[in-house]
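Participant: Going letter by letter, the sequence shown gives residues 19 to 330 in the numbering used here. Mind having a look at this structure? Questions to follow.
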Amino acid sequence: GRTEAIMAARVGKVRLGARVGHMGFLRTYAASARSLEHCVDQTRDLDRERYLCNLFLPPTARPVVFAVHAFNLELARVRETVSEPTIRRMRLQWWRDTLESAARGRPAANPTAEAVAAALSAHPVMRPWLDRMIEMRELELEIELQPADMVWVDAYAVGTAGSLLHCALEAVGADSDAAHDAAAHVGRAHGLVTALRGLPHHQAQGYTHLPRTLTEAHDVKLRDLLSSRQPANLDSAVAELASSARRSLAEGDAILRTLPPAARAALAPAAVCGTYLAALARAGHDIFDPRLRNLRLRLLGSLVARNLLGWR
Numbered sequence: 019g020r021t022e023a024i025m026a027a028r029v030g031k032v033r034l035g036a037r038v039g040h041m042g043f044l045r046t047y048a049a050s051a052r053s054l055e056h057c058v059d060q061t062r063d064l065d066r067e068r069y070l071c072n073l074f075l076p077p078t079a080r081p082v083v084f085a086v087h088a089f090n091l092e093l094a095r096v097r098e099t100v101s102e103p104t105i106r107r108m109r110l111q112w113w114r115d116t117l118e119s120a121a122r123g124r125p126a127a128n129p130t131a132e133a134v135a136a137a138l139s140a141h142p143v144m145r146p147w148l149d150r151m152i153e154m155r156e157l158e159l160e161i162e163l164q165p166a167d168m169v170w171v172d173a174y175a176v177g178t179a180g181s182l183l184h185c186a187l188e189a190v191g192a193d194s195d196a197a198h199d200a201a202a203h204v205g206r207a208h209g210l211v212t213a214l215r216g217l218p219h220h221q222a223q224g225y226t227h228l229p230r231t232l233t234e235a236h237d238v239k240l241r242d243l244l245s246s247r248q249p250a251n252l253d254s255a256v257a258e259l260a261s262s263a264r265r266s267l268a269e270g271d272a273i274l275r276t277l278p279p280a281a282r283a284a285l286a287p288a289a290v291c292g293t294y295l296a297a298l299a300r301a302g303h304d305i306f307d308p309r310l311r312n313l314r315l316r317l318l319g320s321l322v323a324r325n326l327l328g329w330r
């Protein structure tokens, strides 16, 4: 919308030249303009909130983070777009092989792969986090209806949302132990928030990330959860998971306040968590409350407030 466009213009122009630091990135990272444009467009179109967070990064870090986010979106789409289990695994293996080729400087003829190759050339230390993201998506394929317990949910949250934050820290050059500790806490919180926000979508696809131990503790029947819009007692199960996310976010925020501005900008998704969890509480933890559908203006306000408090 107009407000979002104004904010983007204030933080940094969103077309490719200004958005990625003009041609300096291309000279430094050897990624084509087409590849970078693709990654930015994918993030903007499919993960608008991370796109907005990325606008607050130092200009030289944005292309790296956009490349990683586009890679994450490619992995996420495998389960969404492929129904045959064998083909799903083959697709993830293709990305594993592509990542290996990219790390060797020989990316596949794919815009995301090209951008990831450039990012890895500049930041090879990111490779384990990217591998971890593939592993988590493979783990997700093993879930037919729901995971068994919070051990799985925590591992998935840290391995997906957390890995993105660790890569962002590397991109901005903030690789202290404290920064990565904060990323682990914020990543877990963001992963849990993503599980909550994705519940209606997953429900329509016949599975959930809410673990069996949680639904059983609140007497939420799986058959009702997967067949009805809002089964009995779901709000209480959502409230427990949201409370766990708030605790992780608070731990991450406590560390985040001690970090330099670039590291705090890399962990901007903390604002997404805080904004959504506050709105969810106001909605009585009704995950289907229509007020939760579009929190973009509140998120922008939170991002701007954090920016004014010292990201730059």
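Even glycine gets a Cβ: it sits at the ideal position worked out from N, Cα and C.
If you run the structure through DSSP and keep just helix, strand and coil, what is D195?
Facilitator: As a first step, residue 195 is located in the sequence shown; it is residue number 177 there, counting from the start. In this structure, D195 counts as helix in the three-state DSSP scheme.
Participant: Give me, in chain order, the residues of the same chain whose beta-carbon lies closer than 6 Å to that of Y47; leave out the 5 immediate sequence neighbours on both sides.
Facilitator: Taking the first residue of the sequence shown as 1, we reach residue 47 at position 29. Bear in mind that a pLDDT of 48 at Y47, under 50, signals an unreliable position, so the number given afterwards is only what the model happens to contain. Taken in chain order, the residues that qualify are A136 and A140.
Participant: Are there 16 or more other CB atoms within 10 angstroms of the CB of D253, so buried, or fewer, so exposed?
Facilitator: As a first step, residue 253 is located in the sequence shown; it is residue number 235 there, counting from the start. Its Cβ being crowded by 16 or more others within 10 Å, D253 is buried.
Participant: State yes or no: is the C-beta of L117 within less than 8 Å of the C-beta of P81?
Facilitator: For the purposes of this step, residue 117 is identified with residue 99 of the sequence shown, where counting begins at 1. For the purposes of this step, residue 81 is identified with residue 63 of the sequence shown, where counting begins at 1. No, the Cβ-Cβ distance between L117 and P81 is not below 8 Å.
Participant: For V65, tell me which candidate among R145, L91, A299 and M154 has the shortest Cα-Cα distance.
Facilitator: For the purposes of this step, residue 65 is taken as residue 47 along the sequence shown, with counting starting at 1. Residue 65 is actually Asp in this sequence, not Val. Nearest C-alpha to D65: L91.
Participant: Using a Cβ-Cβ cut-off of 7 Å (strictly less than) and excluding sequence neighbours within five positions of R45, which residues of its own chain qualify?
Facilitator: In the sequence shown, counting from the first residue as 1, residue 45 sits at position 27. Its pLDDT being 43, under 50, R45 is placed unreliably by the model, and the measurement read from it follows with that caveat. There are no such residues.
Participant: Between the stretch 214-222 and the stretch 194-204, can you find at least three pairs of beta-carbon atoms closer than 8 Å?
Facilitator: The stretch 194-204 vs the stretch 214-222: no contact.
Participant: Can you tell me the Cβ-Cβ gap for G368 and A175, rounded? I've got them flagged as a contact below 8 Å.
Facilitator: Residue 368 is absent from the structure shown; the chain starts at 19 and stops at 330.
Participant: Which complete alpha helix (DSSP H) runs does the stretch 272-299 hold, if anything under 4 residues is left out?
Facilitator: Runs of the alpha helix (DSSP H) inside the stretch 272-299: 279-284.
Participant: Starting from S245, follow the alpha helix (DSSP H) in both directions and report where the run begins and ends.
Facilitator: Counting from 1 along the sequence shown, the entry for residue 245 is found at position 227. Counting along the chain, the alpha helix (DSSP H) containing S245 begins and ends at L240 to S245.
Participant: Report buried or exposed for G302, applying the criterion of at least 16 other Cβ atoms within 10 angstroms of its Cβ.
Facilitator: In the sequence shown, residue 302 corresponds to position 284, counting from 1. With fewer than 16 other Cβ atoms within 10 Å, it is exposed.
Participant: Would I152 be called buried (16 or more neighbouring beta carbons within 10 Å of its own) or exposed?
Facilitator: Position 134 of the sequence shown holds residue 152. It counts as buried.
Participant: According to the neighbour-count rule (16 or more other Cβ atoms, all chains shown, within 10 Å of its Cβ), is A166 buried or exposed?
Facilitator: Start at 1 with the first residue of the sequence shown, and residue 166 comes out as number 148. A166 should be labelled exposed.
Participant: I need the straight-line Cα distance from L259 to C57, nearest angstrom please.
Facilitator: Looking up residue 259 in the sequence shown gives position 241. Looking up residue 57 in the sequence shown gives position 39. Their Cα atoms are separated by approximately 32 Å.
Participant: Using 8 Å as the threshold, is the C-beta distance between V86 and L182 below it?
Facilitator: Residue 86 sits at position 68 when you count from the first residue of the sequence shown. Residue 182 sits at position 164 when you count from the first residue of the sequence shown. Against a cut-off of 8 Å, the Cβ pair of L182 and V86 comes out as a contact.
Participant: Residue ranges of each alpha helix (DSSP H) run of no fewer than 4 residues wholly in the stretch 54-93, ordered along the chain?
Facilitator: List check, alpha helix (DSSP H) in window: 66-72.
Participant: Reducing DSSP to helix, strand and coil, say where V204 ends up.
Facilitator: Numbered from its first residue, the sequence shown carries residue 204 at position 186. Residue state, collapsed to three classes: helix.
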